[in-house]
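A short write-up of the structure that comes next.
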Amino acid sequence: FSRLASGLKRSSSRLSESVSSVFTRRKLDDEALEELEDLLIAADLGAVTAARVTARLARDKFDKDVTDIEVREALAETVAETLKPYEQPLDMSGEPPRVVVFVGVNGSGKTTTLGKIAVKMTREGGKVLNVAGDTFRAAAVEQLQVWSERGGANAHFMSREIGADAAGLTYDAVEKGRREGFDGVLIDTAGRLQNKTELMDELRKVLRVIRKVDETAPHHVILVLDGTVGSNAISQAEAFLEAANITGVIMTKLDGTAKGGALVQVAERFKLPIHYIGVGEGESDLQPFDARAFARALAG
Ligand code: GDP
C-alpha cells in the first residue's frame, strides 16, 4: 500500500491541493459544487465520477460548512465504490496451459507487465512460456528475454527473427505450451499505431490462430494502459476494444503520475476487470488491484 500511496502522491497532491484551495472551511453552495466538479474532471476522473462525488456531498452537506478533509473522504468513498466491482484478480486456474495475450500501444508497459507476471508465476512454481510476439522490435524481444532469465529455469522464452510472422510464432508457441506441459503461455504483441488497420489486423490474426490450436483460448486478453497519459488512455483503449475481445485491464506507471485518476474513467467507461496496477519497473512492482487502497491513495 505505501508503494501505491507514494506512487500516487503526484495524483493525490494535485487533487488535495486543488480541493484545499476551494474548501478550507467553506459553505457547500452551488458555486462550490461546480468548482469541485471542474477540478475533479481536470484531475482525469471523468464527468460521471465527478458528478457522483458532488451529488454525494450535496446530499449530505448542502448549505453547510465543509472541510477539505470531508471532501476528500467523499471522493475516496465514491472512487472506491466505483472501482470495487472491477477489482478482479487474474484467474489462471483451469486446464493448463492458460493462454494470455497482452495488448496495448508501444511503451504502455506490455512487455514489462508480462515479465512481472511470468516471474510471479514461476516463483509460485509454475512453468511459463514467454512469447516475443512483437516481432518487429528487436528491443522488445531482448527485453522479454531478460525478463525470462529473471524468471529462472521455469521461464521459457520463444522468439523469431525480426519481421517474422507473429501469428506463426504464436501458433507454434501455443502448440508447444500444450505439448510440453506449460502452465501459462504469455504472449506479447506489437503496439505500433502508425498504421492502426495493419496493427489491428495482425492482432486479430494472432487471436485467430490461438483459437485454432485451442478453441477455449485465449483465456485472457489483457489491455495494458499507460497511467501517465490520463484521459488519452480512453481513446487508446477504444481501438483495441474494437479489434479484440478484451477481458481485463492493467494500468501501469501509477508511480509518480499526476494522472492516476484516469483509471476511474477507464473503469466507468469500459466496465472491464482490473487485475493489477504497475507501480514501478522492478519485478515486485505489480500490485493486485485493490479498489479501496487505490481510492485512498488517490484522494490523499
Ligand atoms: P511496451 O512497449 O508496451 O512493451 O512497454 P515496455 O514494457 O517496454 O515499457 C515501456 C517503459 O515503461 C519501460 O522503460 C518500462 O520499464 C517502463 N514501465 C513499465 N511499467 C512501469 C511501471 O509500472 N512504472 C514505471 N515507472 N515504469 C514502467
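Letter by letter, the sequence shown follows residues 141 to 440 of full-length UniProt numbering.
A virtual CB, placed ideally from N, CA and C, is assigned to each residue, including glycine.
K267 is the residue among M298, K267 and T392 whose C-alpha sits nearest the C-alpha of G321. Where I414 is concerned, the enclosing beta strand (DSSP E) starts and stops at I414 to G418.
Under the three-pair Cβ rule at 8 Å, the segment 204-223 does not count as touching the segment 380-399. Just so you know, the alpha carbons of R277 and P358 end up roughly 23 Å apart. For the beta strand (DSSP E) assignment, the uninterrupted runs of no fewer than 3 residues enclosed by the segment 353-390 are, from N- to C-terminal side, 360-366.
Rounded to whole angstroms, T252 and D205 show a C-alpha spacing of 47 Å. Contact between the segment 367-385 and the segment 423-436 is absent, with fewer than three C-beta pairs closer than 8 Å.
A distance below 7 Å separates the beta carbons of A190 and L180. In this structure, K260 has its CB at a distance of at least 6 Å from all heavy atoms of the ligand GDP.
Taking the Cα positions, K316 is about 42 Å away from A435. Comparing C-alpha distances from A280 to each of E221, R300 and G265 shows the shortest one belongs to R300. DSSP places V406 inside the alpha helix (DSSP H), whose first and last residues are A402 to F410. Inter-residue distance for D328 and V188 is about 33 Å (C-alpha atoms, whole angstroms). Burial state of K352 is exposed, judged by a 10 Å Cβ sphere holding fewer than 16 other Cβ atoms.
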